[in-house]
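Heads up, the thing below is written out as structure tokens.
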Amino acid sequence: MTKHLKLYIDGEWIDSANPNMQDVINPATQEVIAKASQATKEETEKAIRTAKRTFESGVWSEQTPAARAEMLLQISDKIEVNLKELAELEVINNGKTKREAEADVEDAVNTFRYYAGLLHNQTEEAFEADKDLQTLIVKEPMGVAGLIVPWNFPLLMSVWKIAPALAAGNSIILKPAEITPVTAVKLYELIEQTDLPKGVAQLLLGTGAVAGQTLAESNDVNIVSFTGSTKVGQQIMQAGAGNLKKVSLELGGKSPNVIFGDADIDLAVDYALFGIFMGAGQVCTSGSRLLVQDNIYEEFIEKYIEKAKAIRVGPGNDTKSEMGAIVSEKHMESILNYIQIGIEEGAHLALGGNRMKTDGLEKGFFIEPTVFTDVTSDMRIVQEEIFGPVIVIQKFKDEKDAIQIANDTDYGLAGAVFTKDQPKAIRIIKKIRAGITWVNTYHLSSVRSPWGGYKTSGIGRSLGKYGLDEYQETKQINISMNPERIDWFEGNK
Ligand code: NDP
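Residue numbers (the working numbering): 403 to 895.
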């Protein structure tokens, strides 16, 4: 029987009053795997009122850091026990491979554990500000946190927001992407089994236009943390201006991966493939622009294409598949449209470019690993985020040229450099205007490291201690150690 996904508000699973249910599709087969409720504006407002009420009650916001840490550990343990099921659900809803999905769930476990540990280690500042004046700097929760996540890492992006938001003591409302709600529902079923007080965590399924926009506009939401497109990030900033709510935005990218002639070519080829084709290119930090020095350009491309050709594309639950499906038909059409634009702009299509319909893939949304060479910076396929398995390869002459091309975009999320010359690597990476960077590797990062971008790639940082700061207010408390009357006004004498 098709699963019926509900909203979770004030500790209850409820059906939306909206009679229209969203079909949730497996992108590898187009099978309907669930039907999801779609929250109305009124239901979103109810979730906000509940979160505000529980926040003000102190039932969670006033618990000690140790008590909050204990709760995060309870959640992490539940996720760990259900790792296989969560990964399977992610595979059938998002289309990613089993290997990718299992890594996401492991990362989700680690994220809760990391923030539990951080709570035990977060210390407050105290100093003598003046004679007989002791000052404390304390961190407090912000209030109600609206957490809006995309479809590319449905579980992991939820956890990257839920773990620090709860660690800080906020009450939360999660809104997953309309097309990938399945693992968020499972996560909330697990949270329900812990001792987290009812009404602290709500789940709203439904559209960005209704549930997302209502969260962004509400004067009772104190922070919106959003991951998704730059366009919607801008809309959220505008919608949030009413109460000057904090917005934390992790947006798109068009990240340069710079390969110098003195790099270990086989290593660079491996990571350049991993950089774009992992997650079928539907990763915010994908190394979607490859910059290759002219003296190795031909050799590099030959090796790169050879290996890209061999990538096994298929359903995520087939262990032989190395690259899964595109998340939806709409997104697949958008990627195919960009491929057409690239051809019309005069880029050389060196590999792929088509939807795959052979060998049992005909019902799913699969695109061949696609390689464009000889591109130039003025092309749309070089400037715009395609968010699919499409790499654009550009030639550069020297360091100056590489830096100029690397930074010639509105985005600034990630970047990488491959060279055996370490001082050169540091020189280049420091010049790349991006928040997440690599030297001689790609995509590897830890929960301790701040995650976020420069320029139109966003504001604020997820993960690490920076991720916890994002959900906290900072307060100064000034304490007189010798209370005495003040003779500022004559009348006081
Ligand atoms: P969106 O930015 O539209 O969606 C991300 C999330 O925001 C979803 O939960 C969505 O809900 C919600 N949302 C949409 N509109 C609003 C709104 N007005 N107010 C509040 N929340 C809203 O991304 P798309 O799914 O449309 O993907 C488009 C492009 O965005 C991709 O091609 C890619 O370039 C980029 N993207 C970047 C990601 C990243 O990791 N940085 C992740 C995903 C996409 P709903 O599900 O209803 O649309």
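Just so it is clear, CB atoms sit at the ideal spot from N, CA and C, and this is done for glycine as well.
Contacts around residue i, its chain only, beta-carbon distance under 8 Å, and the 5 residues preceding and following it disregarded
i: Val671; result: Phe702, Lys705, Tyr706, Lys709
i: Leu407; result: Val426, Ala436, Lys437, Ala438, Ser439, Pro583, Val584, Val587, Leu607
i: Met423; result: His406, Lys437, Ala438, Ser439, Gln440
i: Leu535; result: Asn880, Ile881, Ser882, Met883
i: Arg829; result: Glu801
i: Glu526; result: Leu538, Ile539, Val540, Lys541
i: Ser344; result: With the chain represented from 403 up to 895, any question about residue 344 goes unanswered, as that position is not in the structure.
i: Leu751; result: Ile741, Gly744, Ile745, Thr772, Val773, Phe774
Beta strand (DSSP E) segment containing residue i, residue limits
i: Leu557; result: Leu557 -> not in any beta strand (DSSP E); alpha helix (DSSP H) instead, spanning 556–569.
i: Thr750; result: A quick correction: the sequence has His, not Thr, at residue 750. Its beta strand (DSSP E) spans residues 750–753.
i: Ile435; result: 433–438
i: Ser627; result: 625–629
i: Ile494; result: Element bounds for Ile494: not the beta strand (DSSP E) but the alpha helix (DSSP H), 485–496.
i: Glu530; result: 527–532
i: Gly854; result: First-last for Gly854: undefined, no H or E at that position.
i: Phe820; result: 816–820
i: Gly548; result: 546–550
Through-space distance from residue j to residue i, alpha-carbon basis
i: Ala816; j: Ile888; result: 55 Å
i: Arg501; j: Thr721; result: 8 Å
i: Asp761; j: Phe768; result: 11 Å
i: Lys480; j: Arg515; result: 12 Å
i: Val561; j: Leu520; result: 16 Å
i: Val784; j: Leu669; result: 24 Å
i: Ala471; j: Trp462; result: 12 Å
i: Gln432; j: Gly681; result: 19 Å
i: Asn621; j: Ile831; result: 41 Å
i: Ala712; j: Gly677; result: 16 Å
i: Leu617; j: Lys563; result: 15 Å
i: Thr511; j: Asn484; result: Inspection of the sequence shows that residue 511 is occupied by Val rather than by Thr. Distance between the alpha carbons of Val511 and Asn484: 10 Å.
i: Ile805; j: Ala453; result: 47 Å
i: Ile450; j: Thr843; result: 42 Å
i: Ala518; j: Glu542; result: 16 Å
i: Glu724; j: Thr499; result: 7 Å
i: Asn659; j: Gly548; result: 34 Å
i: Asp509; j: Leu738; result: 31 Å
i: Ala565; j: Ser627; result: 12 Å
i: Pro421; j: Thr442; result: 10 Å
i: Arg714; j: Glu652; result: 30 Å
i: Thr629; j: Ser657; result: 17 Å
i: Leu488; j: Ala528; result: 43 Å
i: Asn689; j: Ser573; result: For the record, residue 689 in the displayed sequence is Gly; it is not Asn. Taking the straight line from one Cα to the other gives about 35 Å.
i: Lys799; j: Asn809; result: 15 Å
i: Gly635; j: Asp812; result: 14 Å
i: Ser779; j: Ile807; result: 7 Å
i: Gln465; j: Leu474; result: 13 Å
i: Pro791; j: Gly642; result: 34 Å
i: Pro467; j: Val777; result: 52 Å
i: Gln524; j: Leu589; result: 27 Å
i: Lys826; j: Arg455; result: 55 Å
Whole-Å CB distance - residue i paired with residue j, under 8 Å assumed
i: Gln796; j: Arg691; result: 7 Å
i: Cys686; j: Gly718; result: Going by Cβ atoms, the distance from Cys686 to Gly718 rounds to 19 Å, so no, they are not a contact pair.
i: Met544; j: Asn624; result: 4 Å
i: Thr632; j: Thr839; result: With a Cβ gap of about 20 Å, Thr632 and Thr839 do not count as contacting.
Range of the contiguous alpha helix (DSSP H) that encloses residue i
i: Asp871; result: 866–872
i: Phe789; result: Here Phe789 belongs to no alpha helix (DSSP H), and DSSP marks it neither H nor E.
i: Gln640; result: 632–641
i: Ala449; result: 443–459
i: Lys405; result: Taken as a continuous stretch (DSSP letters only), Lys405 belongs to no alpha helix (DSSP H), being part of the beta strand (DSSP E) at 405–407.
i: Gln615; result: 615–619
i: Thr537; result: From DSSP, Thr537 is part of no alpha helix (DSSP H) but of the beta strand (DSSP E) over 535–543.
i: Gln785; result: 782–785
i: Asn523; result: 500–523
i: Asn839; result: The residue asked about is misnamed: residue 839 is Thr in this sequence, not Asn. Premise fails: Thr839 lies in the beta strand (DSSP E), 838–841, not in any alpha helix (DSSP H).
Close-in-space but distant-in-sequence residues of the same chain around residue i (CB under 7 Å, 5 per side omitted)
i: Met639; result: Val649
i: Gly614; result: Ile550, Lys577
i: Ile593; result: Ile477, Ala603
i: Gly663; result: Gln695, Asn697, Ile698
i: Val507; result: Ile481, Leu485, Leu488, Ala489, Leu557
i: Lys448; result: Ile411
i: Ile743; result: Arg782, Ile783
i: Leu409; result: Ile416, Ser418, Ser439, Ala441, Glu445, Leu605, Leu606, Leu607
Cut-off 6 Å between Cβ atoms - residues of its own chain near residue i, not counting five sequence neighbours on either side
i: Gly837; result: Gly854, Gly855, Tyr856
i: Asn428; result: Ile435, Ile494
i: Ala579; result: Pro552, Trp553
i: Ala665; result: Phe820, Thr821
i: Ile793; result: Ile678, Leu692, Val773
i: Ala727; result: Pro429, Ala430, Gly497, Gly766, Phe767, Phe768
Any chance you could list the alpha helix (DSSP H) runs of at least 4 consecutive residues sitting entirely within the segment 652–716, in chain order? 667–679, 699–711
Which runs of the alpha helix (DSSP H) at least 4 residues long sit entirely within the segment 719–753? Give them in chain order. 731–747
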